[in-house]
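For the sequence shown, the numbering used here assigns the number 707 to the initial residue and increments by one for each residue that follows.
Glycine is no exception: its CB is placed at the ideal position from the N, C-alpha and C atoms.
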Amino acid sequence: MDQALYKKSIQLILDNQSQWGSYIASPNFPTYQYCWLRDGSYIAHAMDTAGEYESASAFFNWVGRTIKRFSYKVDEARLRLSAGQPMGKDDLLHTRFTLEGEEVYIDNTWGNFQIDGYGTWLWALYEHAKKSGDFGILEKLKEPIEITLRYLELVWNLPNYDCWEEHPEFLHTYYLSTVYDGFNAAEDMIRLGKLDMRDIPVEALAKEVRNFIFTSAVKNGRLIKYFLPPNVEFERRLIGNDCVDASLLAAGIPYQMLSPGDPVLLATIKTIEDDLYRTGGGVYRYKADVYYGGGEWILLTAWLGWYYTSINQLDKAKAICQWIESQADENGWLPEQVNEHILFPEHYDPWVKKWGPVAKPLTWSHAMYMILFNAITQG
Ligand code: BGC
């Protein structure tokens, strides 16, 4: 276990937190000069596992202000959806923002409608309150929590971009598990008297999302990456992709949509291990990944290690941690992906030409490494 790299990771994240509380995804990669709700929530959680509560709290307050700023979109979306009017891709809450918290319009083709970050921030916020003992933050952020819950209630079953910002025509099991746990976290906050909010049926919503996942996202005894919405005609529905995606690990940890011994979770993990884990190396996103040739992702490798810690397979978790540590460069920077054993070599150069070398450092990679490190050392 590389204490020095762990400490550098904390410092790197602090250095890349803006004065407003947001975290930049990667300071050196032009396309990632923004703050994503997804990346940022895991980063804040990593800081919480390191006892850096102030940093995490600043992030959650930034999210709160940002969501309030755009809450009018939720009201408009409700009116449009109930009138059966089509939604444009910018009519919903965005996935990434400038560091100040404004929407980004530099690239009109970006898939802004991604639901998962809105579930993830509720999970991370509740974990923050429990870890830091600052339950007061929940009442303080009551308004953005409520806006988020109403938003999720409205949009949870609409097709949207996945966590890799692809395939907007599908519903994705990963984001549904974040939504499930977002409702669940709210239910806990309310039941335990930490948040006074009575008129959103969070418990029923969590159940509904979970049942929906079981009826739509389980095939051959395991979870699948994505599927078409139920209202799409039958022939098209057959064109699904039964493959796994490494993000499905999240159904186990941290969102606990399935309990550790659940056969569906075990079968899903086994397929991820067989199809996406290069033994002794890292974890690929999914089999058909061509982004920068499809390399091994540091954050997903750490995620698999995190899962192993949750089932007490510490040796496996430590081996994974060591592999990640061996990928840090001379500055102690971890990349988004490692490209020595890529799935589609012919796709590597075109991406380098388009966006430059692979993002490094990626703050989310450092965060997942920290989460794994602390799961191993703190038990
Ligand atoms: C990844 C996203 C991530 C973003 C910023 C994208 O390439 O697919 O998951 O949020 O980069 O790190």
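Exercise for the section: Report buried or exposed for residue 928, applying the criterion of at least 16 other Cβ atoms within 10 angstroms of its Cβ. Expected result: The residue you call residue 928 lines up with position 222 of the sequence shown. Burial state of residue 928 is buried, judged by a 10 Å Cβ sphere holding 16 or more other Cβ atoms.
Handout entry: Boundaries (first-last residue) of the alpha helix (DSSP H) holding residue 833
Key = Indexing the sequence shown from 1 puts residue 833 at position 127. Its alpha helix (DSSP H) spans residues 822 to 838.
Exercise for the section: Quick one: using the 10 Å Cβ neighbour count with 16 as the cut-off for buried, is residue 843 buried or exposed? Expected result: As a position in the sequence shown, residue 843 is number 137, starting the count at 1. When all chains shown are included, residue 843 counts as buried.
Exercise for the section: Pull up the DSSP beta-bridge partners for residue 1003, would you. Expected result: Position 297 of the sequence shown holds residue 1003. In DSSP, residue 1003 forms a bridge with 989, 1043.
Practice task
Measure the Cβ-Cβ separation of residue 881 and residue 915 and say whether it is below 7 Å.
Solution key: Start at 1 with the first residue of the sequence shown, and residue 881 comes out as number 175. Start at 1 with the first residue of the sequence shown, and residue 915 comes out as number 209. Contact flag unset, no.
Problem - Beta-carbon contacts of residue 852 that lie in its chain and below 8 Å, excluding the five residues immediately before and after - result: As a first step, residue 852 is located in the sequence shown; it is residue number 146 there, counting from the start. Excluding residues within five positions, the ones whose Cβ falls inside 8 Å are 903, 906.
Exercise for the section: Please go through the stretch 754 to 807 and give each complete alpha helix (DSSP H) segment of 4 or more residues, from N-terminal end onward. Expected result: Fully enclosed alpha helix (DSSP H) runs of 4 or longer: 759 to 775, 777 to 788.
Problem - Beta-carbon proximity check, residue 804 vs residue 820, cutoff 7 Å - result: Position 98 of the sequence shown, counted from the start, is the residue given in the question as residue 804. Position 114 of the sequence shown, counted from the start, is the residue given in the question as residue 820. Taking 7 Å as the cut-off, the Cβ atoms of residue 804 and residue 820 do not count as close.
Exercise for the section: Quick one: grab the DSSP three-state call for residue 871. Expected result: The residue given as residue 871 occupies position 165 in the sequence shown. Coil.
Exercise for the section: Examine chain B for any beta-carbon lying closer than 7 Å to the beta-carbon of residue 709, and answer yes or no. Expected result: Among the protein chains of the structure shown there is no chain B, as only one such chain exists.
Practice task
Sort out for me which residues DSSP pairs residue 729 with in a bridge.
Solution key: Walking along the sequence shown from the start, residue 729 turns up at place 23. Per the DSSP secondary-structure output, residue 729 pairs in a beta bridge with 723.
Practice task
State yes or no: is the C-beta of residue 1039 nearer than 6 Å to some heavy atom of the ligand BGC?
Solution key: The residue given as residue 1039 occupies position 333 in the sequence shown. Checking every heavy atom of the ligand BGC against the Cβ of residue 1039, none is found closer than 6 Å.
Problem - Among 850, 878, 930, nearest to residue 892 - alpha-carbon criterion - result: On the sequence shown, residue 892 is found 186 positions in, with the first residue counted as 1. It is 850 whose Cα lies nearest to the Cα of residue 892.
Practice task
Please name the residue, chosen from 838, 831, 976, 992, that lies closest to residue 872 on a Cα-to-Cα basis.
Solution key: Stepping through the sequence shown from its first residue, residue 872 is reached at position 166. That would be 992, whose Cα lies nearest to the Cα of residue 872.
Handout entry: Where residue 1110 falls: helix, strand or coil (DSSP)
Key = Given that the chain is displayed from residue 707 to residue 1085, the structure contains no residue 1110 and the question cannot be resolved.
Practice task
Measure from the alpha carbon of residue 960 to the alpha carbon of each residue in 741, 829, 840, then state which is nearest.
Solution key: Here the question's residue 960 lines up with position 254 in the sequence shown. Proximity to residue 960 across 741, 829, 840 peaks at 829, based on C-alpha coordinates.
Problem - Segment contact flag, the stretch 993 to 1003 with the stretch 1040 to 1047, C-beta cutoff 8 Å, min 3 pairs - result: Enough Cβ pairs lie closer than 8 Å, so yes.
Practice task
Look at the Cβ atom of residue 732, then the Cβ atom of residue 1065, and state whether they are nearer than 7 Å.
Solution key: To locate residue 732, count along the sequence shown from 1; it is residue 26. To locate residue 1065, count along the sequence shown from 1; it is residue 359. Yes.
Problem - beta-carbon residue 956 near the ligand BGC non-hydrogen atom, thresh 6 Å - result: Counting from one through the sequence shown, the residue named residue 956 turns up at place 250. The answer is no for residue 956.
Handout entry: Pair within 7 Å by beta-carbon distance, residue 755 and residue 1077
Key = Mapped onto the sequence shown, residue 755 falls at position 49. Mapped onto the sequence shown, residue 1077 falls at position 371. Remark: C-beta atoms of residue 755 and residue 1077 approach each other more closely than 7 Å.
Exercise for the section: Please work out which residues of its chain come closer than 8 Å, Cβ to Cβ, to residue 860, disregarding the five sequence neighbours upstream and downstream, and give them in chain order. Expected result: Position 154 of the sequence shown, counted from the first residue, corresponds to residue 860. Excluding its 5 nearest sequence neighbours in each direction, residue 860 has C-beta neighbours in its own chain below 8 Å: 780, 783, 784, 787, listed in chain order.
Handout entry: Delimiting residues of the alpha helix (DSSP H) encompassing residue 914
Key = Start at 1 with the first residue of the sequence shown, and residue 914 comes out as number 208. Where residue 914 is concerned, the enclosing alpha helix (DSSP H) stretches over 908 to 922.
Problem - Cβ-heavy atom distance, residue 816 to the ligand BGC, below 6 Å - result: To locate residue 816, count along the sequence shown from 1; it is residue 110. Not under cutoff, so the answer is no.
Handout entry: Where residue 928 sits in the DSSP three-state scheme
Key = Position 222 of the sequence shown holds residue 928. Of the three classes helix, strand and coil, the one that applies to residue 928 here is strand, per DSSP.
Exercise for the section: Would you check if the stretch 708 to 723 and the stretch 1029 to 1043 touch, i.e. whether three or more CB-CB distances between them fall below 8 Å? Expected result: Touching, yes.
Handout entry: residue 1021 versus residue 920 - alpha carbon distance
Key = Locating residue 1021 in the sequence shown gives position 315, where the first residue counts as 1. Locating residue 920 in the sequence shown gives position 214, where the first residue counts as 1. The alpha-carbon atoms of residue 1021 and residue 920 are separated by roughly 32 Å.
Practice task
For residue 982, write down the residues that DSSP places opposite it in a beta bridge.
Solution key: Residue 982 sits at position 276 when you count from the first residue of the sequence shown. Residue pairing of residue 982 in beta bridges, as defined by DSSP: absent, with no partner found.
Problem - N-terminal and C-terminal residue of the alpha helix (DSSP H) that residue 895 is part of - result: For the purposes of this step, residue 895 is taken as the residue at position 189 of the sequence shown. Taken as a continuous stretch (DSSP letters only), the alpha helix (DSSP H) holding residue 895 covers 879 to 897.
Problem - For residue 950 and residue 926, the rounded distance between their alpha carbons - result: Here residue 926 refers to the residue found at position 220 of the sequence shown. Here residue 950 refers to the residue found at position 244 of the sequence shown. C-alpha separation (whole angstroms): 12 Å.
Exercise for the section: Pull up the CB-CB distance for residue 978 and residue 964, whole angstroms please, since I reckon it's below 8 Å. Expected result: By one-based count along the sequence shown, residue 978 stands at place 272. By one-based count along the sequence shown, residue 964 stands at place 258. The C-beta separation of residue 978 from residue 964 comes to about 13 Å, leaving the pair out of contact by the 8 Å criterion.
Problem - Opening and closing residue of the alpha helix (DSSP H) in which residue 1080 lies - result: The residue labelled residue 1080 in the question sits at position 374 within the sequence shown. If you look at residue 1080, you'll find it in the alpha helix (DSSP H) that goes 1069 to 1084.
Handout entry: Where residue 816 falls: helix, strand or coil (DSSP)
Key = Counting from 1 along the sequence shown, the entry for residue 816 is found at position 110. DSSP places residue 816 in the coil class of the three-state scheme, outside both helix and strand.
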